[in-house]
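For the record, the sequence lines run as chains W and A.
So the first sequence is numbered by the numbering used here: it starts at 1 and just counts up by one.
So the second sequence is numbered by the numbering used here: it starts at 1 and just counts up by one.
Beneath this line is the structure, given in structure tokens, with notes to follow.
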Amino acid sequence: MSAGHSHRLYRHGDTVVHRLPAHTKLLALVLFVLTVVATPREQYWAFGAYLVLLAAVAVAAAVPVGFIAGRMVVELPFVAFALLLPFIAHGPRTEFLGLTVSQTGLLGAWNILAKATLGVIASILLAATTEPRELLTGLRRLRVPALLVEISSFMVRYADVVTDEMRRMRIARESRGFQASHLGHMRVLARSAGALFIRSYERGERVHLAMLARGYTGVMPMTEDRPIPRTAWLAAAAVPLLALVIATTAWSLA
Amino acid sequence: MSSVPSLEVRGLAYAYPDGHQALFGIDLTVARGERVAVLGPNGAGKTTLVLHLNGILGGGLGTVTAAGVQVVKDQLSEVRRRVGIVFQDPDDQLFMPTVRDDVAFGPANFGVRGAELDARVSRALDQVGMSAYADRPPHHLSFGQRRRVAVATVLATEPEILILDEPSSNLDPASRRELADVLRSLDVTILMVTHDLPYALELCDRSVVLSDGVIVADGPTRELLCDEDLMRAHRLELPFGFEPRLAGLSVG
Numbered sequence: 001m002s003a004g005h006s007h008r009l010y011r012h013g014d015t016v017v018h019r020l021p022a023h024t025k026l027l028a029l030v031l032f033v034l035t036v037v038a039t040p041r042e043q044y045w046a047f048g049a050y051l052v053l054l055a056a057v058a059v060a061a062a063v064p065v066g067f068i069a070g071r072m073v074v075e076l077p078f079v080a081f082a083l084l085l086p087f088i089a090h091g092p093r094t095e096f097l098g099l100t101v102s103q104t105g106l107l108g109a110w111n112i113l114a115k116a117t118l119g120v121i122a123s124i125l126l127a128a129t130t131e132p133r134e135l136l137t138g139l140r141r142l143r144v145p146a147l148l149v150e151i152s153s154f155m156v157r158y159a160d161v162v163t164d165e166m167r168r169m170r171i172a173r174e175s176r177g178f179q180a181s182h183l184g185h186m187r188v189l190a191r192s193a194g195a196l197f198i199r200s201y202e203r204g205e206r207v208h209l210a211m212l213a214r215g216y217t218g219v220m221p222m223t224e225d226r227p228i229p230r231t232a233w234l235a236a237a238a239v240p241l242l243a244l245v246i247a248t249t250a251w252s253l254a
Numbered sequence: 001m002s003s004v005p006s007l008e009v010r011g012l013a014y015a016y017p018d019g020h021q022a023l024f025g026i027d028l029t030v031a032r033g034e035r036v037a038v039l040g041p042n043g044a045g046k047t048t049l050v051l052h053l054n055g056i057l058g059g060g061l062g063t064v065t066a067a068g069v070q071v072v073k074d075q076l077s078e079v080r081r082r083v084g085i086v087f088q089d090p091d092d093q094l095f096m097p098t099v100r101d102d103v104a105f106g107p108a109n110f111g112v113r114g115a116e117l118d119a120r121v122s123r124a125l126d127q128v129g130m131s132a133y134a135d136r137p138p139h140h141l142s143f144g145q146r147r148r149v150a151v152a153t154v155l156a157t158e159p160e161i162l163i164l165d166e167p168s169s170n171l172d173p174a175s176r177r178e179l180a181d182v183l184r185s186l187d188v189t190i191l192m193v194t195h196d197l198p199y200a201l202e203l204c205d206r207s208v209v210l211s212d213g214v215i216v217a218d219g220p221t222r223e224l225l226c227d228e229d230l231m232r233a234h235r236l237e238l239p240f241g242f243e244p245r246l247a248g249l250s251v252g
């Protein structure tokens, strides 16, 4: 079984950010990211302002910097790509940190880095303050097609089961003296992956049978829905609204 | 007591689409309130039989009638309300994000809503002693707890007959005893499919032996377990040191 009590992206707490209904936070995240993406990249100060905004949310949610930083490694592939841009892009050259690089490339790299980083931090804050199942309820309330929500819900439920199965298969391999050390061992790993796929597929069939046995007819029964107080919407709207103010100022200065 | 049996199986035969014949004419009647064990070695057709009892499998010969309702296509919803199956692996049965949602899934499918749904969920969790875990995700529970929640998901639909597929498998002795206490406390007909012979003796007065797709014996559990030739002929071996003549009887 998984060791943690909750999902490892989630940080338990009882702050105003934790208490907001998931769908208001989801909507706020999407609007915030769209606003950030629409901000002209030359207005450097605006991105600093966004960062301050997110820092304020982090403080309100009692999420420490280290927690966020550790989960930002997911951004690394983008960073690698962004770092290449100044060297491979065309156009006029400029001096930067003693290197001759492309001016548009440098600006492009900054654009990707700044916007991606802000988006990743905002998403980490959402995940840190919202449990996966609440996110699913939020998606449903936002009228995301039921089938997609169900698929995500199964993914959340069975991620641990499948990971655990994978771990047991690895232990069984290694207990019989197998260590993946060179490319030839890919054959073994590929077969393990295939076996895992088949096991998961068969589990899917058994889950479906168990659902049928309890009267499932192809539609998930809706369970209760509480009305959302207007104050919750207002609180969640604060972040994207402030971001919008920053963005419009940036546009008028551009 | 009503005279309508909880379960009536007549001449049930079934072959899988690949041609493998699993059942060769099963006759079985279970009266209301009875607890019956279906004993049989691996591959005897136990799970195939179970899947016929609520119409997941069908299309072979013979009839199944559950609580007076015949298992046919246009009555499946009615049948599944009356026949509750607890599958062997609780991870197959518990697929919702929380225990509460999972227990609510069955009754909600049958149209129960609102306060009545909440009452059903808390009653079912109460019956298996898992009320304190309603808001937990199922994968954070121990195996024994998950098995008991799986029983609750079925109890919430208020079935007339509860069918359990290998209920004691993978349980440690304490969880095994806790589950037995839960099952004994329920006021429903129970059909328990197992090769755990002491467990069958502990919980069920009557047993049937299923072997190679036919029922070869039907009688009081203790008598069947004491019939060494019968047991040996159908690969049903008692655990080391287990003495069915004495087990469970108070001394003196």
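Backbone N, C-alpha and C define an ideal beta-carbon position, used for all residues, glycine too.
Report all residues from its chain with a CB closer than 6 Å to the CB of residue 1 (chain W); omit the five preceding and five following residues, and keep chain order.
-> Here the model assigns residue 1 (chain W) a pLDDT of 36, short of 50, so the residue's position is not dependable, and the following value carries that caveat. Nothing meets the Cβ criterion.
Should the region 84–91 of chain W be called in touch with the region 52–64 of chain W, which here means at least 3 C-beta pairs below 8 Å?
-> no
C-alpha gap between residue 62 (chain A) and residue 24 (chain W), whole angstroms = 55 Å
Any chain A beta carbon closer than 8 Å to residue 3 (chain W) = Per-residue confidence for residue 3 (chain W) stands at a pLDDT of 37, beneath the threshold of 50, marking its modelled position as unreliable; no derived number is given.
Is the beta carbon of residue 39 (chain A) less than 8 Å from the beta carbon of residue 23 (chain A)?
-> no
Can you list, in chain order, the residues of its chain whose CB lies under 8 Å from that of residue 247 (chain W), leaving out five sequence neighbours each side?
-> 35, 36, 38, 39 and 46
Cβ-based burial, residue 73 (chain A) [other Cβ within 10 Å; buried from 16] = exposed
Contact residues within the region 147–171 of chain W, judged by C-beta distance below 7 Å to chain A | 153, 154, 156, 157, 160 and 161
Which runs of the alpha helix (DSSP H), 4 residues or longer, sit entirely within the region 100–175 of chain A?
-> 114–127 and 143–155
Where does the unbroken alpha helix (DSSP H) through residue 123 (chain W) begin, and where does it stop?
-> 103–129
The region 143–153 of chain A / the region 164–183 of chain A touching (three or more Cβ pairs under 8 Å) | yes
Are the region 6–16 of chain A and the region 176–187 of chain A in contact at 8 Å, needing three or more beta carbon pairs?
-> no
If you run the structure through DSSP and keep just helix, strand and coil, what is residue 154 (chain W)?
-> helix
Return the residues of the region 190–213 of chain A that lie within a Cβ-Cβ distance of less than 9 Å from chain W, sorted by chain order.
-> none
For residue 43 (chain W), which of helix, strand or coil comes out of DSSP?
-> coil
So is the beta-carbon of residue 13 (chain W) under 7 Å away from any non-hydrogen atom of the ligand HEM?
-> The ligand HEM is absent from the structure shown, which contains no ligand whatsoever.
Nearest chain A C-beta to residue 133 (chain W) closer than 8 Å, yes or no?
-> yes
Mind listing the chain A neighbours of residue 64 (chain W)? Cutoff is C-beta to C-beta under 8 Å, in chain order.
-> Ordered by position in chain A, no residue passes the 8 Å Cβ test against residue 64 (chain W), which lies about 24 Å from the chain.
Under a three-way DSSP split, which group does residue 74 (chain A) fall into?
-> helix
Could you pull out every residue in the same chain whose Cβ sits closer than 8 Å to the Cβ of residue 117 (chain A), ignoring the five residues on either side in sequence?
-> 104, 107 and 108
Please compile the residues from chain W whose C-beta is within a distance smaller than 8 Å of the C-beta of residue 80 (chain A).
-> 212, 213, 214 and 215
Buried versus exposed call for residue 158 (chain W) [16 or more other C-beta atoms within 10 Å across all chains shown] = buried
Could you work out which residue in A:229, A:26, A:64 and A:221 is closest to residue 247 (chain A) when comparing CA atoms only?
-> A:221
Check the Cβ of residue 253 (chain W) against every Cβ in chain A and list those closer than 9 Å, keeping chain order.
-> Those within 9 Å of residue 253 (chain W) in chain A number zero; the least Cβ separation is about 46 Å.
Taking one C-beta from the region 118–136 of chain A and one from the region 191–198 of chain W each time, how about it: are there three or more such pairs within less than 8 Å?
-> no
With a 10 Å radius around its C-beta and 16 neighbouring C-beta atoms as the bar for buried, classify residue 76 (chain W) as buried or exposed.
-> exposed
Evaluate the contact criterion for the region 25–43 of chain A versus the region 195–204 of chain A: three or more CB pairs, one atom per stretch, below 8 Å.
-> yes
Residue span of the alpha helix (DSSP H) that contains residue 70 (chain W), given as start and end = 65–71
For residue 159 (chain A), which of A:82, A:232, A:151 and A:128 has the nearest alpha-carbon?
-> A:82
Interface positions of the region 180–207 of chain W facing chain A (Cβ-Cβ less than 8 Å), listed along the chain = 203, 206 and 207
In angstroms, rounded to a whole number, what distance separates the CA positions of residue 44 (chain W) and residue 111 (chain W)?
-> 10 Å
Look up residue 10 (chain W) in the DSSP assignment and say whether it is helix, strand or coil.
-> coil
If we cut at 8 Å on Cβ distances, does residue 136 (chain W) have a partner in chain A?
-> yes
Mind pulling the chain W residues with CB within less than 8 Å of residue 97 (chain A)?
-> 132, 133, 136, 153, 156 and 157
Since residue 8 (chain A) is in the beta strand (DSSP E), which residue starts that stretch and which ends it?
-> 7–15
Sort W:142, W:29, W:95 and W:201 by Cα distance to residue 118 (chain W) and report the nearest one.
-> W:29
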